[in-house]
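A.B. asks:
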């Protein structure tokens, strides 16, 4: 119990507080501030990681779907074209068509991954505000 907590005593003002009390108050405030900044950073980072996971899932799905499609449809089309032109040329035509499809899926995935922002913008701004506040307080 501090002198400010004694019943019947008037509350102490900042000018009445000891240096130890002031340092303790600043340390407590700083600890609270740091914890709040960490919580905000975690929240923002979690949202960005979720976006990155979805983009990664799109890449994975595109890879599996592309591979299966390339395998089965290519064989069917290749043998179908093989009835009209040599099978080697038919295989080349089919391969080029599926390469174009894979490029389109890769472009889609790249677009999604570019939308991910790993920097927690609000946290950076609040930390900058905190630094300015501390600098102005000490000035």
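Numbering (this note's numbering), first residue to last: 516 to 654. Even for Gly, the Cβ is constructed at its ideal location relative to N, Cα and C. Predicted, not measured: the structure shown is a model, and the values here were computed from it.
1) Rounded to a whole number of angstroms, what is the C-alpha to C-alpha distance between residue 550 and residue 560?
2) Since I believe residue 630 is in contact with residue 566 (beta carbons under 8 Å), could you give me their beta-carbon distance rounded to a whole number of angstroms?
3) Less than 8 Å between C-beta atoms, sequence neighbours within five positions excluded: which residues of the same chain meet that for residue 642?
4) According to the neighbour-count rule (16 or more other Cβ atoms, all chains shown, within 10 Å of its Cβ), is residue 609 buried or exposed?
5) Our contact map puts residue 585 next to residue 613 with C-beta atoms below 8 Å; I'd like the distance itself, whole angstroms only.
6) Could you check whether residue 624 and residue 570 sit closer than 8 Å to each other, using their CB atoms as the reference points?
7) Using a Cβ-Cβ cut-off of 8 Å (strictly less than) and excluding sequence neighbours within five positions of residue 548, which residues of its own chain qualify?
8) Is residue 657 near residue 581, with beta carbons less than 8 Å apart?
9) How would you call residue 622, buried or exposed, if buried means at least 16 neighbouring beta carbons within 10 angstroms?
10) Is the beta carbon of residue 545 sitting closer than 8 Å to the one on residue 638?
11) Just to check my reading of the structure: residue 627 and residue 573 have Cβ atoms closer than 8 Å, yes? What is that Cβ distance to the nearest angstrom?
12) Could you give the DSSP three-state label for residue 540: helix, strand or coil?
13) Can you tell me the Cα-Cα spacing of residue 535 and residue 541, whole angstroms?
14) Can you say whether residue 635 is buried or exposed, counting buried as having 16 or more other CB atoms within 10 angstroms of its CB?
C.D. replies: By the coordinates alone:
1) 15 Å
2) 7 Å
3) 552
4) buried
5) 5 Å
6) yes
7) 645
8) Examination of residue 657 is not possible in this model, given that the chain is present from 516 through 654 alone.
9) exposed
10) no
11) 6 Å
12) helix
13) 10 Å
14) buried
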